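Following: one structure in structure tokens, then a few remarks.
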């Protein structure tokens, strides 16, 4: 008998909780919308998207947003519309207890900018092409020359890997692919070029380049350089401006 009462007690409690949750959920859905709180992730100093952009997408989907009930807002559909923005990686939308919406926006992160036969775009942090923005220009290396799908992939991996290297993270300002497919790198320090050759064994080439720079010592010595050639195994061949 005691066991039966115990089961009845806990069963009744669970049923009561379900009723409360159902009531709260229905009450929540029946609330009128009370505005939108927008949070855009600017932690990487990227400003492709503004709060006004997000608000406009919301108003385009729901022109009479302020007069709607929460249950009339299709949150998955709104997230999909936000995700379709060319500079947005992901948007998360959820409703709050007071009837307002919260939108969290995460932007795509360019790793390089491509200028290829009249076409211009970024390569983002996932290796995809990303449209340029008329509002904001990311400070990433410029890549020019003949860039096919295979080169696109190698360029992405190259600059993506550099982001995890404290020495090279912000070291190169540009990369040029010549007609033979060889890479010419343009470092920010000094006024010289780095002839990397074909994009094979780049890791070992960068390792010996780093060692070379560290042995150069002062910025004055680096300023004398005209070219650094990494194309030969276990060698770094440099020419000075005066040569």
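Numbering (this note's numbering), first residue to last: 59 to 301.
For every residue, glycine included, the Cβ atom is placed at its ideal position computed from N, Cα and C.
Given the structure is predicted, the values throughout are model-derived calculations rather than measurements.
Taking the beta strand (DSSP E) that residue i falls in, what are its first and last residues?
i: residue 231; result: 230 to 235
i: residue 240; result: Segment: none, residue 240 is in no beta strand (DSSP E) and carries neither H nor E.
i: residue 253; result: 251 to 255
Find the nearest neighbour of residue i within the set the options, judged by alpha-carbon distance.
i: residue 202; options: 239, 194, 156; result: 239
i: residue 228; options: 235, 217, 234; result: 217
i: residue 278; options: 255, 254, 247, 176; result: 247
i: residue 105; options: 114, 167, 142; result: 167
i: residue 102; options: 165, 134, 114; result: 165
i: residue 241; options: 274, 190, 205; result: 205
i: residue 221; options: 124, 183, 134; result: 183
i: residue 291; options: 132, 254, 159, 95; result: 254
i: residue 174; options: 266, 93, 257, 237; result: 237
i: residue 93; options: 117, 298, 107; result: 117
i: residue 270; options: 296, 110, 185; result: 296
i: residue 107; options: 191, 231, 265, 272; result: 191
i: residue 258; options: 288, 250, 284; result: 288
i: residue 264; options: 282, 298, 223; result: 223
i: residue 189; options: 143, 282, 262; result: 143
i: residue 196; options: 176, 172, 219; result: 172
With hydrogens ignored, establish whether the beta-carbon of residue i is closer than 7 Å to any heavy atom of the ligand COA.
i: residue 240; result: With respect to small molecules bound, the structure shown includes none, and the ligand COA cannot be examined in it.
Within the same chain, show all residues whose beta-carbon is closer than 6 Å to that of residue i, passing over the 5 residues directly before and after it, in chain order.
i: residue 225; result: 268
i: residue 280; result: 247, 248, 274
i: residue 155; result: none
i: residue 187; result: 179
i: residue 97; result: 162
What are the boundary residues of the alpha helix (DSSP H) that includes residue i?
i: residue 141; result: 133 to 141
i: residue 291; result: Run containing residue 291: none; DSSP gives neither H nor E here.
i: residue 261; result: 260 to 274
i: residue 280; result: 277 to 281
Answer yes or no: do residue i and residue j have a C-beta to C-beta separation smaller than 8 Å?
i: residue 130; j: residue 149; result: no
i: residue 153; j: residue 128; result: yes
i: residue 235; j: residue 209; result: yes
i: residue 252; j: residue 243; result: yes
i: residue 250; j: residue 211; result: no
Report all residues from its chain with a CB closer than 8 Å to the CB of residue i; omit the five preceding and five following residues, and keep chain order.
i: residue 170; result: 180, 181, 198, 199, 200, 201, 213, 214, 217, 233
i: residue 140; result: 112, 115, 146, 149, 151, 161, 163
i: residue 85; result: In this predicted model, residue 85 has a pLDDT of only 45, less than 50, meaning its place in the structure is not dependable enough to derive any value.
i: residue 193; result: 105, 106, 108
i: residue 272; result: none
i: residue 95; result: 154, 158, 159, 160, 161
Can you list, in chain order, the residues of its chain whose CB lies under 7 Å from that of residue i, leaving out five sequence neighbours each side?
i: residue 90; result: 127, 157
Next item on the list: Would you mind listing the beta strand (DSSP E) stretches within the segment 81 to 124 that are 3+ residues and don't spill past its ends, in chain order?
Entry: Within the segment 81 to 124, the runs of beta strand (DSSP E) that reach at least 3 residues and sit entirely inside it are, in chain order, 94 to 98.
Next item on the list: Report the residue ranges of all alpha helix (DSSP H) runs contained in full by the segment 146 to 220; include only those spanning at least 4 residues, in chain order.
Entry: 207 to 220
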